[in-house]
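**Student:**
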Amino acid sequence: MTQWLNESIRLAVSMFLAVGLLIAGGLAAFVVTPLLAAETAAGASLPVDVTPLADLKRRRLVVYENLKDLEFEYQAGKIAAQDYQSLKQNYLGEAAALMATSQVTEQLKETDAVLEREIAARRALRKAPPPQDYVCPRCGYENPVPVKFCGECGTRINH
Ligand SMILES: [Zn+2]
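Pasting the structure below:
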């Protein structure tokens with residue numbers, strides 16, 4: 035009788051644990067899926083498939099997922115401590131490398147933006163009309179430097 039009762043309790047406990055795990059897994063998927071979906075939606079508006087930064091971020095998310103799974107399997111006793119440690123180091127290294135690449139990409143993007151602004155400023159400068167000092171009031175000639183007399187017609191230019 036007690037034997038049977040013990041079996042039942044053990045069965046009930048393990049089923050309870052299994053259901054708990056399922057719910058936890060479902061919740062994790064529920065939390066992660068919108069994140070990935072949002073990323074995909076953001077990338078979809080771009081002409082290219084994904085931006086390099088979004089791709090790096092997604093790959094980092096995958097590494098974090100793998101790390102979480104690894105932790106879980108280790109806790110469940112499915113992986114030897116030594117394997118766990120080396121796999122974990124691999125994943126952490128991968129995550130760090132992806133993070134570093136993201137930062138470099140971000141910096142390059144910033145540098146590009148700065149350069150583009152500079153180029154635009156220089157272009158605007160080149161297109162800007164010459165200062166009045168350069169332009170002859172009589173013939174309209176644009177002298178290349180500020181002058182006292184027009185290089186074209188000799189008219190005195192008042193500064
Ligand atoms: Zn002139």
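To get the working numbering, take the position in the sequence shown, counting from 1, and add 34. Yeah, the Cβ is synthetic: ideal placement off N, Cα and C, and Gly gets one too. Every value quoted in this text rests on a predicted model; they were computed, and no experiment measured them.
Could you tell me the distance, in whole angstroms, from the CA atom of Tyr118 to the CA atom of Glu144?
**Tutor:** Cα to Cα, the separation comes out at about 39 angstroms.
**Student:** What is the DSSP secondary structure of Asp152, reduced to helix, strand or coil?
**Tutor:** It is worth fixing the name first, because residue 152 is Glu in this sequence and not Asp. Here Glu152 sits in helix by DSSP.
**Student:** Determine the DSSP secondary structure at Val179, reduced to helix, strand or coil.
**Tutor:** In this structure, Val179 counts as coil in the three-state DSSP scheme.
**Student:** With DSSP as the reference, label Ala76 as helix, strand or coil.
**Tutor:** Confidence in Ala76 is poor, its pLDDT being 49 and thus under 50, which makes the residue's placement unreliable; the coordinate value appears in the next sentence. Three-state DSSP puts Ala76 in a helix.
**Student:** Beta-carbon within less than 7 angstroms of Val181's beta-carbon, same chain only, minus the 5 sequence neighbours each way: which residues are those?
**Tutor:** Excluding positions up to five away in sequence, the list reads Ile191.
**Student:** Does any heavy atom of ligand 1 sit closer than 7 angstroms to the C-beta of Glu176?
**Tutor:** Not so, every heavy atom of ligand 1 lies at least 7 angstroms from the Cβ.
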